[in-house]
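Below is one structure, written out as structure tokens; the observations come after it.
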Amino acid sequence: SQELEQSPQSLIVQEGKNLTINCTSSKTLYGLYWYKQKYGEGLIFLMMLQKGGEEKSHEKITAKLDEKKQQSSLHITASQPSHAGIYLCGAPTRSSYGKLTFGQGTILTVHP
Amino acid sequence: DVKVTQSSRYLVKRTGEKVFLECVQDMDHENMFWYRQDPGLGLRLIYFSYDVKMKEKGDIPEGYSVSREKKERFSLILESASTNQTSMYLCASRLLAGDNSYEQYFGPGTRLTVT
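Residue numbers (our numbering), protein chains in the order written: chain A, 77 to 188; chain B, 3 to 117.
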């Protein structure tokens with residue numbers, strides 16, 4: 077079965093700093109989904125990547141999928157306290173019905 | 003906007019009680035999912051349903067059952083709650099027909115404590 081490993085598991089940064097979160101798959105990815113979760117709440121969809129080498133940006137968040145489609149990175153530029161939360165990557169399995177396998181999550185703390 | 007709602011945000015139950023967690027989505031989605039989330043373990047799939055009355059086990063179905071009698075509602079049942087089922091439970095839904103995306107829409111979660 078596919079496994080997703082996220083690194084780091086937690087991250088504490090000062091406001092204004094850049095940061096990167098990585099998501100590595102044990103198998104070729106057929107898509108990669110990034111979600112954000114505020115503590116104690118549901119997940120909010122951030123971005124979806126499907127093609128090798130693809131890069132997407134939304135506001136100060138950029139996500140990339142490497143050419144080999146086994147690793148994705150999420151980069152936040154000039155972090156703000158509003159970026160704090162848990163970031164999770166999810167990948168579809170080869171089976172149908174839209175199942176996603178998730179990484180264990182990265183806890184981001186941004187100090188003002 | 004898709005809206006996925008869960009019946010309770012916080013729930014406290016006693017060991018051995020039967021517990022029902024309800025999830026409702028308002029966008030006519032075919033697929034619905036129940037996950038539990040524990041620190042350091044991420045989201046783990048308990049059960050999913052690909053259509054009304056259709057269900058399949060996920061990765062950790064032991065101790066749980068589900069019911070989907072109507073398209074918009076997916077219920078998770080803990081037949082006899084145990085302390086190791088204390089967790090955050092998240093429901094999600096996904097549109098299937100004509101949609102190549104695996105994007106799932108999540109509810110706000112139910113934090114269940116079993117004492």
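No residue lacks a Cβ here, since even glycine has one placed at the ideal position from N, Cα and C.
- Assignment of Q87 (chain B) by DSSP, reduced to helix, strand and coil, places it in the helix class.
- For the segment 116 to 128 of chain A, the set of residues with a beta-carbon nearer than 8 angstroms to any beta-carbon of chain B comprises G116, E117, G118, L119, I120, F121 and M124, in chain order.
- Put simply, the backbone Cα of T7 (chain B) is about 16 angstroms away from that of L114 (chain B).
- The shortest C-alpha to C-alpha distance from G129 (chain A) to any of A:L122, A:L119, A:K140 and A:K136 is the one to A:K140.
- Only buried fits N33 (chain B), as 16 or more other CB atoms lie within 10 angstroms of its CB.
- With fewer than three CB-CB distances shorter than 8 angstroms, the segment 167 to 186 of chain A does not count as touching the segment 74 to 89 of chain B.
- Within chain A, the residues whose beta carbon sits less than 7 angstroms from that of L47 (chain B) are K175, listed in sequence order.
- Going by DSSP, L108 (chain A) is part of the beta strand (DSSP E) stretching over L108 to Q113.
- In summary, the residues of the segment 76 to 107 of chain B whose CB is separated from some CB of chain A by less than 8 angstroms are M90, L92, A94, R96, L98, S103, Y104, E105, Q106 and Y107, in the order they occur in the chain.
- Look at P63 (chain B): its C-beta is not under 7 angstroms from any C-beta on chain A.
- Looking from the CA of L108 (chain A), the closest CA among A:H134, A:D142, A:A154 and A:L119 belongs to A:D142.
- For a Cβ distance threshold of 7 angstroms, residue set L164, F178, G179, Q180 and G181 of chain A lies close to G44 (chain B), ordered along the chain.
- Taking CB atoms only, P168 (chain A) has a neighbour in chain B less than 7 angstroms away.
- Taking all protein chains in view, the Cβ of T112 (chain B) is crowded by 16 or more other Cβ atoms within 10 Å, so the residue is classified as buried.
- Around the Cβ of T177 (chain A), a 10 Å sphere holds 16 or more other Cβ atoms; the residue is buried.
- Sixteen is the threshold: since fewer than 16 other Cβ atoms of the shown chains lie within 10 Å of the Cβ of P188 (chain A), the residue is exposed.
- For the segment 96 to 107 of chain A, the set of residues with a beta-carbon nearer than 7 angstroms to any beta-carbon of chain B comprises G107, in chain order.
- Using beta-carbon distances, G18 (chain B) does not count as an interface residue toward chain A, since no partner is under 7 angstroms.
- If you look at P168 (chain A), you'll find it in the beta strand (DSSP E) that goes G161 to P168.
- Closest by C-alpha distance to W110 (chain A), out of A:T153, A:K103, A:N98 and A:G92, is A:N98.
- Non-local beta-carbon contacts of I152 (chain A) in its own chain, meaning distances under 7 angstroms to residues more than five positions away in sequence, involve N94, L95, K136, I137 and H159 in chain order.
- Less than 7 angstroms divides the Cβ of E24 (chain B) from the Cβ of S77 (chain B).
- Close CB contacts of K114 (chain A) within its chain, under the 7 angstroms cut and outside five residues either way in sequence, are with G161 (chain order).
- Counting only residues of its own chain and dropping the five nearest sequence neighbours on each side, Q90 (chain A) has a CB closer than 6 angstroms to the CB of H187.
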